[in-house]
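Chains as they are written, first to last, in my numbering: chain B, 493 to 843; chain E, 493 to 843.
Protein chains: 2
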Amino acid sequence: MASHGVRGRSGGRPTLEEVAARAGVGRGTVSRVINGSPRVSEATRAAVEAAVAELGYVPNTAARALAANRTDAIALVVPEPETRFFTEPYFSDMLRGVGAALSDTEMQLLLIFAGSDRERQRLAQYLAAHRVDGVLLVSVHADDPLPDMLSQLEIPAVISGPRSADETLTSVDSDNYGGARQAVEHLVSRGRRTIAHITGRLDVYGAQRRVDGYREALREAGHQVDELLIEPGDFSEGGGRRAMEALLERRPDLDAVFAASDVTAAGARQVLREAGRRIPDDVALVGYDDSAIARHMEPPLTSVRQPIEEMGRAMTDLLLREVADRRPSATRELERRQMVLATELVERASS
Amino acid sequence: MASHGVRGRSGGRPTLEEVAARAGVGRGTVSRVINGSPRVSEATRAAVEAAVAELGYVPNTAARALAANRTDAIALVVPEPETRFFTEPYFSDMLRGVGAALSDTEMQLLLIFAGSDRERQRLAQYLAAHRVDGVLLVSVHADDPLPDMLSQLEIPAVISGPRSADETLTSVDSDNYGGARQAVEHLVSRGRRTIAHITGRLDVYGAQRRVDGYREALREAGHQVDELLIEPGDFSEGGGRRAMEALLERRPDLDAVFAASDVTAAGARQVLREAGRRIPDDVALVGYDDSAIARHMEPPLTSVRQPIEEMGRAMTDLLLREVADRRPSATRELERRQMVLATELVERASS
DNA sequence: ATCACTTGTGGGAGCGCTCCCACAGTACCT
DNA sequence: AGGTACTGTGGGAGCGCTCCCACAAGTGAT
């Protein structure tokens with residue numbers, strides 16, 4: 493055994509071992525300092541930290557992951573096709589929140605697209621391979637097998653938008669029920685009497701909750717809930733058009749529309765205009781999401797704002813906590829967590 | 493705690509060694525099969541693949557990274573604050589392209605935010621730690637130290653939007669020059685004579701190129717280039733307002749405006765409307781980006797579409813090629829690559 | 001003085017891969 | 001016959017960490 497040594501290249505990055513030599517301590521001690529163990533004397537800690545600084549030591553993630561069996565990374569799983577249904581800034585806002593929550597930690601963010609079947613399969617492999625410590629799941633449909641798969645693999649996961657009222661995974665959501673109520677209460681307070689609702693895709697739990705909120709707000713205001721005023725949409729512009737056409741036909745006397753998304757509202761607005769209805773004079777219009785479209789619509793659209801960035805942050809915080817709980821040591825908390833964040837009505841000229 | 497005792501060991505994931513035993517071959521051979529080496533006989537390969545399938549073997553990334561000194565991951569670095577200047581869907585479109593290009597490979601995508609100073613510092617650490625095999629850089633300003641740092645560390649990198657005409661890094665860009673020409677030629681062909689330009693941030697190379705394209709198109713059409721018709725903006729709505737006000741004051745006779753972004757155009761439109769100018773009757777308006785805002789503006793905005801998703805894909809492809817070139821073996825190509833993708837004018841009612 | 005702790009520390013034994021050397025077997029030259 | 005050149009294969013060494021056991025030294029109670 494003579495010739496190998498060339499691989500390591502001496503000008504490379506310093507290792508734990510080198511730091512230890514420099515500080516005049518053992519490898520284990522350096523490791524303890526790096527990982528913030530309390531079982532190190534002050535003097536030793538200082539010496540090690542000096543050596544780390546001098547050598548510009550940065551731990552090797554791969555080695556750490558291999559030895560400790562953790563990755564220090566979480567994944568954000570993006571079911572791409574669905575994402576299109578979201579308002580434009582949704583994605584980047586969410587990401588901003590996740591990034592913010594992560595910036596205080598050593599955790600890295602992996603982005604995994606799970607749109608196509610092949611990508612789904614790859615995802616399953618990643619998860620089986622425990623390539624990440626936890627998973628953030630965005631916009632999952634009721635029949636998606638992913639959440640159950642995660643539970644089975646015992647991988648910590650947080651979902652945005654629970655799939656149902658009794659979601660088993662930790663979840664973060666905005667208050668769809670309350671947001672819808674805000675919208676309808678606002679319309680009622682503006683004197684509107686015949687308020688229609690164009691729903692979102694009803695296989696999305698949040699869309700159902702918005703319908704619930706719509707109903708409840710009307711009831712509380714003493715209005716009768718007329719089922720003819722509720723028309724299913726799908727969050728899309730085309731869906732908004734179709735729904736609006738149906739509504740105008742059924743209830744030409746309506747004087748307000750609450751749409752389950754801004755994009756839907758945009759579709760509805762086109763149809764209203766074509767029908768010669770003025771906004772807000774004849775028909776008041778309220779959207780949901782407070783996206784760029786709302787600000788630039790003609791007239792600017794009153795809309796329910798969801799705190800998407802905060803949702804991203806909250807999801808990440810919860811996930812990190814779960815990951816930490818899973819580590820050796822750690823009294824498991826195991827409480828089911830369902831966080832709901834408040835929405836805000838942004839009033840503009842359309843209502 | 494009877495049923496609790498899963499120590500990870502025996503029930504855990506299969507290793508190379510176990511696959512080797514199962515297939516009746518050596519560790520090295522399995523490794524060769526996994527990595528697609530041609531130096532394996534057909535029979536052996538089949539046996540190993542069978543064993544892999546039976547055991548559900550998935551390679552351990554951390555171990556591989558440690559042994560092979562590569563990570564099989566690339567990073568997309570997002571200088572968050574700047575991102576706000578981009579049109580809303582920019583980010584998710586880009587991501588879609590990157591994801592698509594990656595979905596054929598084993599590569600993973602790491603998202604790194606480099607907005608705050610602390611995040612920047614962390615980024616520097618990551619890079620020094622070679623936590624990724626390559627880096628995708630989005631929307632970098634001329635004075636950003638990041639690109640040079642990457643060159644110094646010899647980390648493959650691809651930049652979107654070169655910083656100058658003689659960018660040293662591999663870059664992918666849309667044809668800002670050509671896009672601006674398309675916009676201006678269109679306005680000229682519509683009979684407009686006095687065409688103003690609200691620029692983007694001029695420390696962004698692409699914004700400069702748009703000015704160049706604007707100038708050249710006018711010259712070619714036989715128009716005089718009037719410097720009073722060029723007003724600097726900053727891609728923002730407020731910038732668009734301010735610039736439009738200045739332009740109306742200086743050249744109240746203008747009959748067309750080419751804005752360097754849709755958001756800028758939205759700002760300009762407000763001012764034009766306040767000044768009683770009708771669009772497109774009195775003043776034609778053309779934006780840039782073809783964002784959601786353009787589609788929903790009143791009237792809908794003619795705009796230059798950039799193939800952002802394709803840019804993401806192209807950047808990723810180029811980066812993967814560079815990473816591959818860096819691996820042992822591989823005749824380095826080392827040709828400087830500057831890819832420029834064509835834009836497309838989307839004509840709407842504003843012009 | 002003994003024992004039983006506690007605190008701090010060093011270093012062996014892996015983690016699961018890739019790399020590369022050694023070498024058997026075969027083929028095709030001289 | 002020997003030489004040379006492949007192809008295919010096995011397995012040792014080592015990547016840079018963490019984990020944990022061993023152990024020295026100090027502290028206090030008996």
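Quick reminder that beta carbons are idealized off the backbone N, C-alpha and C, glycines included.
Q.
Does R685/E come out as helix, strand or coil in the three-state DSSP assignment?
A. DSSP, read as helix, strand or coil, puts R685/E in coil.
Q.
If I follow the unbroken alpha helix (DSSP H) through G730/B, where does it start and stop?
A. Annotation: the continuous alpha helix (DSSP H) that includes G730/B extends over E729 to R742.
Q | E836/E, enclosing beta strand (DSSP E) - first and last residue | A | E836/E -> beta strand (DSSP E) spans E836 to V838.
Q) Taking buried to mean at least 16 other C-beta atoms within 10 Å of its own C-beta, is E572/E buried or exposed? A) buried
Q: State the start and end residues of the unbroken beta strand (DSSP E) segment that holds Q830/E.
A: From DSSP, the beta strand (DSSP E) with Q830/E extends over Q830 to L833.
Q: Below 8 Å between beta carbons is the criterion; list the residues of the stretch 772-791 of chain B that meet it against any residue of chain E, in chain order.
A: S783, A784, I785, H788, M789 and E790
Q.
Please classify R828/E as buried or exposed, where buried requires at least 16 neighbouring CB atoms within 10 angstroms.
A. exposed
(Q) Please tell me whether V755/E and I687/E are closer than 9 Å, where the distance is taken between their beta carbons. (A) Contact: no.
**Q.** Range covered by the beta strand (DSSP E) that runs through G626/E
**A.** G626 to V630 is the extent of the beta strand (DSSP E) around G626/E.
Q.
Considering just the uninterrupted stretch of the alpha helix (DSSP H) at A757/B, what are its terminal residues?
A. D754 to E766
Q. In terms of alpha-carbon separation, which member of P724/E, E801/E, E541/E and R505/E lies closest to N527/E?
A. E541/E
Q) In the DSSP assignment, what residue or residues form a beta bridge with L661/E? A) The partner list for L661/E (beta bridge, DSSP) is empty, contrary to what the question assumes.
**Q.** Within chain B, the residues that V550/E reaches when beta carbons sit closer than 8 Å
**A.** Q617, A620 and A621
Q: Kindly indicate which residue of I604/E, R733/E, R524/E and H678/E has the alpha-carbon position closest to the one of E723/E.
A: R733/E
Q | Cβ of Q798/E within 9 Å of any chain B Cβ | A | no
Q | Length of the line joining the Cα atoms of V716/E and R742/E | A | What sits at residue 716/E in the sequence shown is Gln, not Val. One C-alpha to the other measures close to 16 Å.
Q | Residue from R514/E, S842/E and V522/E with nearest C-alpha to R684/E | A | S842/E
Q) A649/E by DSSP, collapsed to three states: which one? A) A649/E: strand per DSSP, three-state reduction.
Q. Residues of chain B with CB under 8 Å from S608/E, in chain order?
A. Result: S595.
Q | Reduced DSSP category for L720/B - H, G, I as helix; E, B as strand; rest coil | A | helix
**Q.** Residues bridged to R797/B (per DSSP)
**A.** E836/B
Q: Name the one or two DSSP bridge partners that V569/E has.
A: I604/E and L629/E
**Q.** Inter-residue spacing [alpha-carbon to alpha-carbon] between T660/E and E677/B
**A.** 59 Å
Q | Residue from Q644/E, E839/E and S728/E whose Cα sits closest to the Cα of L619/E | A | For L619/E, the nearest C-alpha among the options comes from Q644/E.
Q | Cross-strand partners of I526/E (DSSP beta bridge) | A | Beta-bridge pairing links I526/E to no other residue.
Q: Would you mind working out which of V778/E, D640/E and R655/E sits nearest Y706/E, comparing C-alpha positions?
A: V778/E
Q: Please confirm if T686/B has its CB atom under 9 Å from at least one CB of chain E.
A: no
**Q.** Where L881/E sits in the DSSP three-state scheme
**A.** Look at the range of chain E in this structure, 493 to 843, and you will see that residue 881/E is not part of it.
Q: Consider the Cβ of S523/B: report whether some Cβ of chain E lies at a distance smaller than 9 Å.
A: no
Q.
DSSP three-state label for I771/B, please.
A. coil
Q) If we call anything under 9 Å between Cβ atoms a contact, is M736/B one with H788/E? A) no
Q: State whether the stretch 601-621 of chain B contacts the stretch 556-571 of chain B, with contact taken as three or more CB pairs (one from each stretch) at a distance under 8 Å.
A: yes
Q: Leaving aside the five residues before and after V598/B along the sequence, list all residues of the same chain whose C-beta is less than 6 Å from its C-beta, in chain order.
A: A small correction: the amino acid at residue 598/B is Glu; Val does not occupy that position in the sequence shown. If we look at E598/B and ignore the five residues flanking it on each side, its Cβ neighbours are D564.
Q: Drop a sphere of 10 angstroms on the beta-carbon of S666/B, count the other beta-carbons inside from all chains shown, and report buried for 16 or more, exposed for fewer.
A: buried
Q: Could you tell me which residues DSSP puts in a beta bridge with S666/B?
A: L833/B
**Q.** Start-to-end residues for the alpha helix (DSSP H) that takes in L777/E
**A.** Not the alpha helix (DSSP H): L777/E falls in the beta strand (DSSP E), residues A776 to Y780.
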